[in-house]
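Student: Going by the working numbering, the first residue of the sequence shown is number 2, and it counts up by one from there. Here a beta-carbon is modelled for each residue, glycine too, at the ideal position from N, C-alpha and C. These figures come from a predicted structure and were not determined experimentally. Can you keep this structure in mind? I'll have questions shortly.
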Amino acid sequence: MLERVESPNMPGYQVPLLAKLNIVFTAVFSSILLGKRYSWKQVMAMTVVLCGSFVTLVPTIFGNNNHNDTASLSSSSSSFSDLFYAGIYVASVAPTALAFVLKEQVFRENQPLNLDIFVVNSYGSIVGLVFSILLLPLLATAVPGLGNIPLTDLPSYIRNGWFCFTGQPDDDDDDSSCAGAPTAPLLYFGINVTYNICFLTLIKHGGALLT
């Protein structure tokens, strides 16, 4: 959700580079929750990642040196806004890293049970589905990037989405907007499930930081 708020408001080059902070957050959480200790070489590597990620903010902070007072004020306001959205993105990376570590902790604590990857993935998907449904009203919020759909239109929005998924759009909808349904959504679903299973396999056998 946080990523959807900030992504349209950030330069494209910042997003993948700031995403590397996931490595640092994962190391911090695994050190706190799992008691892992890292060598000085690993710490230095993570320091390089940290510095490299924040170097992307330099143009945002120092990019505009204008002596005109009005332009300078506008530039300062824009820089503050850009930094604000970058901060939101960094905040969105931390929960993802925490999720990696918690999954590794689950596998570790239940190692004698030899938890099945598919079962763990299924339970995670079910929880994700429940929270997605509970958070649907956020689509009605005016926060940029979260849809700005009137709450009264939400039921019809869901209904139209279902009809589009089945390849039967309403008469008022553009048929081309539902092209490829349901093959494309099902293909995405299959790839996503495969990705999650591979992802959990890496966590189980290699650890959160390696993943």
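#1: To the nearest whole angstrom, what separates the beta carbons of T61 and L84, a pair I think is in contact under 8 angstroms?
#2: Can you give the Cα-Cα distance for L210 and G191, rounded to whole angstroms?
#3: May I ask you to report which of helix, strand or coil DSSP gives I198?
#4: Could you check if K42 is buried or exposed, using at least 16 other CB atoms within 10 Å of its CB as the buried criterion?
#5: Report, in whole angstroms, the separation of the C-beta atoms of M47 and V16, which I expect to be a contact under 8 angstroms.
#6: So, are the CB atoms of T167 and A185 less than 9 angstroms apart?
#7: Return helix, strand or coil for Y14, following the three-state DSSP convention.
#8: Check each candidate in L152, F119 and F108 and name the one with the smallest Cα separation from G208.
#9: First and last residue of the alpha helix (DSSP H) that includes S124?
#10: Can you tell me whether F1 is buried or exposed? The criterion is at least 16 other CB atoms within 10 Å of its CB, across all chains shown.
#11: Round the Cβ separation of L34 and Q112 to the nearest angstrom and send it over; I've been treating them as touching at under 8 angstroms.
#12: Look at the alpha carbon of L155 and the alpha carbon of L187, and state the distance between them as a whole number of angstroms.
#13: Counting only the same chain and skipping the five closest in sequence on each side, list residues whose C-beta sits under 6 angstroms from that of A98.
#14: Report all residues from its chain with a CB closer than 8 angstroms to the CB of Y39; omit the five preceding and five following residues, and keep chain order.
Tutor: On the basis of the data shown:
#1: The sequence position of residue 61 within the sequence shown is 60, counting from 1. The sequence position of residue 84 within the sequence shown is 83, counting from 1. Confirmed, Cβ separation roughly 6 angstroms.
#2: Here residue 210 refers to the residue found at position 209 of the sequence shown. Here residue 191 refers to the residue found at position 190 of the sequence shown. Taken atom to atom, the span from the alpha-carbon of L210 to that of G191 is near 26 angstroms.
#3: Taking the sequence shown and counting its residues from 1, the one referred to as residue 198 is at position 197. Helix at I198.
#4: Sequence index remark: in the sequence shown, residue 42 carries index 41 (1-based). A residue is called buried once 16 or more other Cβ atoms fall within 10 Å of its Cβ, and K42, having fewer, is exposed.
#5: The residue you call residue 47 lines up with position 46 of the sequence shown. The residue you call residue 16 lines up with position 15 of the sequence shown. Separation of the CB atoms of M47 and V16 is rounded to 20 angstroms, and the pair is thereby denied contact status at 8 angstroms.
#6: Counting from one through the sequence shown, the residue named residue 167 turns up at place 166. Counting from one through the sequence shown, the residue named residue 185 turns up at place 184. No.
#7: Walking along the sequence shown from the start, residue 14 turns up at place 13. The three-state secondary structure of Y14, taken from DSSP, is coil.
#8: In the sequence shown, the residue the question calls residue 208 occupies position 207. Ranking L152, F119 and F108 by Cα distance to G208 puts F108 first.
#9: The sequence position of residue 124 within the sequence shown is 123, counting from 1. Note that residue 124 is Tyr in the sequence shown here, rather than Ser. Start and end: I118 to L135.
#10: With the chain running from 2 to 212 in the structure shown, residue 1 is simply not present.
#11: The residue labelled residue 34 in the question sits at position 33 within the sequence shown. The residue labelled residue 112 in the question sits at position 111 within the sequence shown. About 16 angstroms; that fails the 8 angstroms criterion.
#12: Locating residue 155 in the sequence shown gives position 154, where the first residue counts as 1. Locating residue 187 in the sequence shown gives position 186, where the first residue counts as 1. Just so you know, the alpha carbons of L155 and L187 end up roughly 23 angstroms apart.
#13: Here residue 98 refers to the residue found at position 97 of the sequence shown. Shown here for A98: same chain residues with a beta carbon closer than 6 angstroms to its own, the five before and five after excluded, namely N23, F26, T27 and F30 in chain order.
#14: Residue mapping note: residue 39 aligns to position 38 of the sequence shown, counting from 1. Correct list, in chain order: A28, S32 and M47.
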